[in-house]
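The block underneath contains the structure these notes are about, expressed in structure tokens.
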Amino acid sequence: MYAIIKNGGKQYKVQEGDVLLLDKMGLEPKTKIEFKEVLAIDNGELKIGSPFVEGAVVEGEVINEGRGKKVIIFKKRRRKDSKVKRGFRRDFTRVKITAINA
1 MYAIIKNGGK
11 QYKVQEGDVL
21 LLDKMGLEPK
31 TKIEFKEVLA
41 IDNGELKIGS
51 PFVEGAVVEG
61 EVINEGRGKK
71 VIIFKKRRRK
81 DSKVKRGFRR
91 DFTRVKITAI
101 NA
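Residue 68 in UniProt numbering sits at position 68 of the sequence shown; the count goes up by one each step and never skips.
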């Protein structure tokens, strides 16, 4: 059984027990969270919402929050003596999917 949920402008295919890295939500660990924007659900037969499946809820639990590995952005314009070095670390919330209710 799996579901496709929408969170933060992105779509995720999830099953029970999956661990997701979502955009930072500012929640404490062990907090329960519900995703009501379920786009599709498959429990033997596929149900596709328009835009969301009615009555379908995906439940999860916040594990922790953190920051990802640093990504280096380096731009250089040759022969122009112009270069920029910048770093970026993504803030995330780690969520474990506990139940899919259709």
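Think of the CB as a built atom: it goes at the ideal place given N, C-alpha and C, for glycine as much as any other residue.
Quick caveat: nothing in here was measured; it's all calculated off a predicted structure.
Roughly how many whole angstroms lie between the Cα atoms of residue i and residue j?
i, j, result
"G55", "V14", "17 Å"
"R86", "I72", "6 Å"
"Q11", "I5", "6 Å"
"N16", "T31", "In the sequence as displayed, the identity of residue 16 is Glu instead of Asn. E16 and T31: Cα-Cα distance of roughly 17 Å."
Taking the CB atoms as reference points, tell me whether residue i and residue j lie closer together than 8 Å.
i, j, result
"I33", "L27", "yes"
"A3", "I63", "no"
"R89", "K70", "yes"
"E61", "T98", "yes"
"V58", "F74", "no"
Which residue's Cα is closest to the Cα of residue i: the options?
i, options, result
"N7", "V19, E37 and P29", "E37"
"G68", "P29, D42, F92 and F52", "F92"
"A102", "V95, K47, M25 and P51", "K47"
"V95", "P29, M1 and G9", "P29"
Grab the span of the beta strand (DSSP E) containing residue i for me, first residue to last.
i, result
"S82", "S82 to F88"
"F92", "D91 to N101"
"L20", "V19 to D23"
"G26", "Unbroken run through G26: none, as it is neither H nor E."
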